[in-house]
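In the numbering used here, the protein residues as written are 6 to 403.
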Amino acid sequence: MAPEAIDPSPPPAAALPAYKGPTAYKDASGTSPETFNRHAEEHGTGTHAGAKYPHYLPVWDKEVKYPPLEPFEHYEHGKDADPSFPNLLPPGRSQVSDLTGNIGAEVHGVQLSALSDKGRDELALFVAQKKVVAFRNQDLSTHPIPTALTLGTYFGRLHIHPTSGHPPNHPEIHLVYRSSTTPSSSAHAQDFLTEHTTSVAWHSDVTYEAQPPGTTFLYLLEGPSSAGGKTKAGGDTLFVNAAEAYRRLSPAFRRRLHGLRAVHSGVQQAEQSLGRGGVVRREAVGSVHPVVRTHPVTGEKALFVNAQFTRRILDLKQEESDALLKFLFDHIALGADFQARVKWAPGTVVVWDNRVTGHSALVDWEDGSRRHLARITPQAERPYETPFEEDDVGVGEL
Ligand SMILES: [Fe+2]
Numbered sequence: 006m007a008p009e010a011i012d013p014s015p016p017p018a019a020a021l022p023a024y025k026g027p028t029a030y031k032d033a034s035g036t037s038p039e040t041f042n043r044h045a046e047e048h049g050t051g052t053h054a055g056a057k058y059p060h061y062l063p064v065w066d067k068e069v070k071y072p073p074l075e076p077f078e079h080y081e082h083g084k085d086a087d088p089s090f091p092n093l094l095p096p097g098r099s100q101v102s103d104l105t106g107n108i109g110a111e112v113h114g115v116q117l118s119a120l121s122d123k124g125r126d127e128l129a130l131f132v133a134q135k136k137v138v139a140f141r142n143q144d145l146s147t148h149p150i151p152t153a154l155t156l157g158t159y160f161g162r163l164h165i166h167p168t169s170g171h172p173p174n175h176p177e178i179h180l181v182y183r184s185s186t187t188p189s190s191s192a193h194a195q196d197f198l199t200e201h202t203t204s205v206a207w208h209s210d211v212t213y214e215a216q217p218p219g220t221t222f223l224y225l226l227e228g229p230s231s232a233g234g235k236t237k238a239g240g241d242t243l244f245v246n247a248a249e250a251y252r253r254l255s256p257a258f259r260r261r262l263h264g265l266r267a268v269h270s271g272v273q274q275a276e277q278s279l280g281r282g283g284v285v286r287r288e289a290v291g292s293v294h295p296v297v298r299t300h301p302v303t304g305e306k307a308l309f310v311n312a313q314f315t316r317r318i319l320d321l322k323q324e325e326s327d328a329l330l331k332f333l334f335d336h337i338a339l340g341a342d343f344q345a346r347v348k349w350a351p352g353t354v355v356v357w358d359n360r361v362t363g364h365s366a367l368v369d370w371e372d373g374s375r376r377h378l379a380r381i382t383p384q385a386e387r388p389y390e391t392p393f394e395e396d397d398v399g400v401g402e403l
């Protein structure tokens, strides 16, 4: 059946701050321009070495401003993929192992930077099916940054994050950065766990955009498991299968969710960035997306709400919206039987489909090791939903 597009016209920007929702945005950023000690990060301290990838250290240029993002036509390459994956996973050369029964895979023997276009098409489909895939022993971080960006460009227009630090001259790289020199006394960069019981903050990336990301890349530059500190593990990333989260709900409940639309807002993220001396390079926006979205290739339906950015379900009263969102956020957060935990290692590139997953970083190491990752974030189609089906099933044999 052809997808039924809904008309998610955003509410007026002036109305966005009014949408608070049942949860507040948790700013787990380890580093801001106020607290970033470039000299220490480049050259090291008495206890920690300098960055292994200094050309990936973040800058925040307060003078740079970008206009609002314009709509664009997204081409979904997963539709062109050979579902037997001969180019991505050539027999005899590649090894694939599943991480869990319903989400995640780990792949050895494949070099993402060397994929042909057919291999890239298959990557989009494979990741859509597995939700998240950890590719080991990759060389992406050793290439010049423009070469790394070329890989992402194939999958969609590269998103420039409104608040994050990026390598000089490469705003399309979103940096995740935390280090021992992040001071613990600053009001906003304080140790996150002095203010919160846990660092877990489930979300999908930048869902406040009208066209949120699809096939998304995150690669390790340096992390607690590889930094040579006391801790030999830590800083894993959790992922949740949002399609399976949808299917776990009763048919009656799923039916009710169809047709509902929710406001996703970037306002709190922008406010918190300014509050810790950071930047807002593009005016904060909000978008209205369906609560249940359909994947353009697999046809799977997935819950598309998250505690970081989803603020209000339209047409419901505040208390009704808060209660329903709280239930869905808890359902997603508590579903350890549809989640996976990805451990990072040198050379690991993790690729996920942001349309059908949520994720959370974990701040669980205590020796001050640097955690430094780079994300390439191709945007995808405007989310849409297709009609409720009583006997909805998954993507079949994976
Ligand atoms: Fe994220």
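Using N, Cα and C, we set each Cβ at its ideal position, and we do this for glycine too.
Ligand 3 and residue i: does any heavy atom of the ligand fall closer than 6 angstroms to the residue's C-beta?
| i | result |
| --- | --- |
| D210 | Absence of ligand 3 is noted for the structure shown, with ligand 1 being the only ligands found. |
Taking only three categories from DSSP, how would you classify residue i?
| i | result |
| --- | --- |
| F90 | coil |
| F131 | helix |
| Q274 | helix |
| S292 | strand |
| R253 | coil |
| R266 | strand |
| P218 | strand |
| Y61 | helix |
| I150 | helix |
| A247 | helix |
| A139 | strand |
| E305 | coil |
| A238 | coil |
| Q323 | helix |
| A110 | strand |
| R183 | strand |
| H208 | strand |
| R259 | helix |
| L279 | helix |
| S102 | strand |
| H53 | coil |
| E47 | helix |
| H171 | strand |
| L74 | coil |
| K123 | helix |
| G97 | coil |
| T202 | coil |
| D85 | helix |
Going by DSSP, which residues form a beta bridge with residue i?
| i | result |
| --- | --- |
| I178 | I381 |
| Q313 | Bridge partners of Q313: none, in fact. |
| V297 | L308 |
| Y30 | Answer is none; Y30 lacks a bridge partner. |
| I318 | A267 |
| Y224 | V354 and A379 |
| L163 | P383 |
Chain C beta carbons: is any one of them nearer than 7 angstroms to that of residue i?
| i | result |
| --- | --- |
| Y30 | You won't find chain C in this structure, because it holds only one protein chain. |
For residue i, count neighbouring Cβ atoms within 10 angstroms of its own Cβ and tell me buried if that reaches 16, exposed if not.
| i | result |
| --- | --- |
| G51 | exposed |
| L93 | buried |
| P167 | buried |
| D32 | buried |
| D122 | exposed |
| T203 | exposed |
| F332 | exposed |
| N107 | buried |
| R98 | exposed |
| P88 | exposed |
| N359 | buried |
| P72 | exposed |
| G228 | buried |
| V355 | buried |
| G240 | buried |
| D396 | exposed |
| T158 | exposed |
| E78 | exposed |
| G35 | buried |
| P2 | The question about residue 2 has no answer here: the residues shown for the chain are numbered 6 through 403. |
| P59 | exposed |
| G124 | buried |
| Q384 | buried |
| A312 | buried |
| T315 | buried |
| V398 | exposed |
| G280 | exposed |
Runs of beta strand (DSSP E) wholly within the stretch 327-399 (minimum 3 residues, chain order): 344-347, 354-358, 362-366 and 376-381
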